[in-house]
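Numbering (my numbering), first residue to last: 223 to 398.
Glycine included, each C-beta is placed from N, C-alpha and C at the ideal position.
The structure under discussion appears below in the form of structure tokens.
Laid out in structure tokens, this is it:
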């Protein structure tokens, strides 16, 4: 039988040299991604069902729907709508769908799930909601979906806008 002191009393070096360097992350976990305009956006990980890379031919276009919708996708047996996230947020630059894979972020609330096609998924980050500021330079079309932004440098070149997944899910823009 091992005790916790047995596990700590090994001769194996700790990479940082000090076990006290292991800290609990501050803030909440977010998924960061970009849209074709180059804006970096974040969604709280708690509302993200999954992130998938799919070939464009797996998204079936639906005639007579909004141009911000790419089509429908069968995601593990559930058919979901997939939107061009940039267009959905009012960006004029369309998503390049002429590539081998598209990154789709599936967000959900209760029984409702939709897919957001993005330019690039950058990864997961712990971001502190206490440091969020009111969003600046946000278009009228994007404003209803933005909770605020993090500014990581004095020149305001490194900005991440926090999106509200419930506002996206409940938007009339899905009105087909």
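Close Cβ partners of residue i (< 6 Å) along its chain, the five nearest in sequence each way excluded
i           : result
residue 380 : 374
residue 269 : 329 and 387
The beta strand (DSSP E) enclosing residue i, as first and last residue numbers
i           : result
residue 370 : 368-373
residue 266 : 262-266
residue 328 : 324-331
residue 394 : Element bounds for residue 394: n/a, residue is neither H nor E.
Expected contact under 8 Å - CB spacing of residue i and residue j to nearest Å
i           : j           : result
residue 317 : residue 308 : 6 Å
residue 254 : residue 347 : 6 Å
residue 349 : residue 250 : 7 Å
Range of the contiguous alpha helix (DSSP H) that encloses residue i
i           : result
residue 355 : Taken as a continuous stretch (DSSP letters only), residue 355 belongs to no alpha helix (DSSP H), as it is neither H nor E.
residue 308 : 307-310
Beta-carbon gap between residue i and residue j smaller than 8 Å
i           : j           : result
residue 322 : residue 277 : yes
residue 328 : residue 297 : yes
residue 382 : residue 263 : yes
residue 385 : residue 368 : yes
Sequence-distant residues of the same chain with beta carbon closer than 7 Å to residue i, five excluded per side
i           : result
residue 366 : 389
residue 293 : 281, 282, 283, 284 and 304
For residue i, the nearest candidate out of the options (CA to CA)
i           : options               : result
residue 324 : 304, 334, 288 and 287 : 304
residue 393 : 354, 353 and 310      : 310
residue 320 : 370, 247, 248 and 280 : 280
residue 265 : 356, 314 and 351      : 351
Close-in-space but distant-in-sequence residues of the same chain around residue i (CB under 8 Å, 5 per side omitted)
i           : result
residue 229 : Because residue 229 sits at a pLDDT of 44, beneath the cut-off of 50, its placement in the model cannot be relied upon, and the following sentence gives the value as read from the coordinates. So the list is empty, once near-sequence residues are dropped.
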